Amino acid sequence: MTMNRITSLFGIKYPVVQGGMVWCSGWRLASAVSNAGGLGLLGAGSMHPETLEEHINKMKAATTKPWGVNVPLMYPEIDRLMHLLIDNGVPVVFTSAGSPKKYTPMLHEAGIKVAHVVSSSVFARKCEDAGVDAIVAEGFEAGGHNGREETTTMTLIPQVRQATTLPLIAAGGIASGRAMLAAMALGAEGIQAGTLFALTEESSASPAFKQRCTQMAEGDTMLCLKALSPTRLVKNALYHQLIAAEYQGATGEELRQMLGRAASKRGIFEGDLEQGELEIGQIASAIKSIRPVATVMDELVNDFEQTRQALCNINF
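The structure is reproduced here in structure tokens:
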């Protein structure tokens, strides 16, 4: 696999970024991905500032490779968090769920590289204007919070590629080397994989959650909570309660009350498979076992190279 703008930008061996997923992306997962040649990200969205600082310190002890932190810009203590990242020498920050315009200059001044997650070419252009270093274009196959456009990865990537000259990372439904190659054929220069790494041994998600996800069939996840924030969930008891309420016209506030406090923690981290919020991508139905990150990365890279070689041998 040759160097490109993504590997050069982040100083990584492979153009593979691990999604900074809530309740999955602690220092064990992120350091394992970085040590395997990708870019590991701590998921700040499910961490209090003190907890994140603890994970940052453990990350520094666990790897000498490049790594970063994923920050949802809706984070309640966002200003405090940004200063914490700067003070602790975090080298890379991926932002999402908001505009990167305010914080990108501040992070750049501290020497931090910035990427932002978008769900449309319109937001991609705004990111370029904001001065980010790279863009992650995420299709609605992805788990967790999604764009309201519901644009698939295969549709989104070429349109974002036309809209911006920035280094482009594809996300949403990518869990194999052949899918990675397809994303690159459409104009991406790297991938971000969430579900693939959420279902590894090093992920901090509950073993019960991981096992449930490896038993899913196609169609066992669906977008819901559209009146609140579109979110891809596993179809469990909570999901069916939420979708029934949505069909009856429930407001965003009513849905929030139904979710209750820490719904994603209940489901993903604590393993409440019926009344917890189980966020995972569509591609989970293709993952049937929980394996170490190093094995997953080796298979991803080998599949990419084998598929690329096979395509080179095709004559039209």
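Note that the numbering used here numbers the sequence shown so that position 240 is 240, with each residue one more than the last.
Glycine included, each C-beta is placed from N, C-alpha and C at the ideal position.
Everything numeric in this text was worked out from a predicted model, so none of it was measured.
**Asked** Could you give the distance in angstroms between the alpha-carbon of phenylalanine 94 and the alpha-carbon of valine 117?
**Response** One C-alpha to the other measures close to 7 Å.
**Asked** What residue from Ala61, Ala205 and Ala262 has the CA that sits closest to phenylalanine 269's CA?
**Response** Measuring from the Cα of phenylalanine 269, the nearest candidate turns out to be Ala205.
**Euclidean distance between Cα positions of asparagine 236 and alanine 110** = Answer to the nearest angstrom: the Cα atoms are 44 Å apart.
**Prompt:** Three-state secondary structure (DSSP) at alanine 32?
**Reply:** Looking at alanine 32 - three-state DSSP - the assignment turns out to be helix.
**Prompt:** Just to confirm, are tryptophan 23 and serine 264 a CB contact at a threshold of 8 Å?
**Reply:** Against a cut-off of 8 Å, the Cβ pair of serine 264 and tryptophan 23 comes out as a contact.
**Item:** Anticipated Cβ contact below 8 Å, leucine 41 with glycine 20, distance rounded
**Value:** About 4 Å; that satisfies the 8 Å criterion.
**Request:** List in chain order: all unbroken alpha helix (DSSP H) runs of 4+ residues lying wholly within the segment 16-71.
**Result:** Runs found: 27-35 and 49-62.
**Request:** Answer yes or no: do aspartate 129 and alanine 115 have a C-beta to C-beta separation smaller than 8 Å?
**Result:** Not closer than 8 Å, so no.
**Continuous alpha helix (DSSP H) stretch holding glutamate 138: start and end** = Note, glutamate 138: premise wrong, no alpha helix (DSSP H); beta strand (DSSP E) at 134-138.
**Request:** From the DSSP output, read off the bridge partner residues of glutamine 192.
**Result:** Val17 and Ala171, per the DSSP bridge assignment.
**Request:** Within 10 angstroms of the Cβ of valine 122, are there 16 or more other Cβ atoms? Answer buried if so, exposed if not.
**Result:** Valine 122 should be labelled exposed.
**Message:** Looking at glutamate 279: is its Cβ nearer than 8 Å to the Cβ of leucine 233?
**Reply:** Yes, these two residues count as a Cβ contact at 8 Å.
**Asked** Is it right to say cysteine 213 is buried, meaning 16 or more other beta carbons lie within 10 angstroms of its own, or is it exposed?
**Response** Classification for cysteine 213: buried.
**Prompt:** Which residues in the same chain as lysine 210 place their Cβ atom closer than 6 Å to its Cβ, once the five residues preceding and following it in sequence are excluded?
**Reply:** Once the five neighbours on either side are set aside, the close Cβ partners of lysine 210 are Leu199 and Ile290.
**Request:** Mark asparagine 313 as exposed unless 16 or more other C-beta atoms lie within 10 angstroms of its C-beta, in which case mark it buried.
**Result:** Under this definition asparagine 313 is an exposed residue.
**Prompt:** Cα-Cα, which of Ser176, Ile157, Lys58 and Ala193 is closest to alanine 185?
**Reply:** Residue nearest to alanine 185 within the set Ser176, Ile157, Lys58 and Ala193 is Ile157 (criterion: CA-CA distance).
**Request:** With a cut-off of 8 Å on the beta carbons, I'd call isoleucine 356 and proline 167 a contact; round off their distance for me.
**Result:** Beyond the ends of the chain as shown, which are 1 and 316, falls residue 356; an answer cannot be given.
**Asked** Which residues does DSSP pair with alanine 115 in a beta bridge?
**Response** Phe94 and Ala134.
**Asked** Considering glycine 221, what are the terminal residues of the alpha helix (DSSP H) in which it resides?
**Response** Here the sequence assigns threonine to residue 221, which means glycine is not the residue at that position. Taken as a continuous stretch (DSSP letters only), threonine 221 belongs to no alpha helix (DSSP H), being part of the beta strand (DSSP E) at 221-224.
**Message:** Relative to the C-alpha of methionine 297, which candidate in Ser31, Pro15 and Ala36 has its C-alpha closest?
**Reply:** Ranking Ser31, Pro15 and Ala36 by Cα distance to methionine 297 puts Ala36 first.
**Message:** Give me, in chain order, the residues of the same chain whose beta-carbon lies closer than 6 Å to that of leucine 107; leave out the 5 immediate sequence neighbours on both sides.
**Reply:** Residues Val93 and Val114 of the same chain have their beta carbon placed closer than 6 Å to that of leucine 107, with the five preceding and five following residues left out of the count.
**Residue span of the alpha helix (DSSP H) that contains arginine 291, given as start and end** = Premise fails: arginine 291 is in no alpha helix (DSSP H) and is neither H nor E.
**Asked** Residue ranges of each alpha helix (DSSP H) run of no fewer than 4 residues wholly in the segment 234-274, ordered along the chain?
**Response** DSSP runs (the alpha helix (DSSP H)) wholly in the segment 234-274: 237-247 and 252-259.
**Asked** Beta carbon of leucine 84, beta carbon of glutamate 53: below 8 Å?
**Response** Going by C-beta atoms, leucine 84 is nearer than 8 Å to glutamate 53.
**Pairwise C-alpha distance: glutamine 18 and glutamine 192** = Approximately 6 Å between the Cα atoms of the pair.
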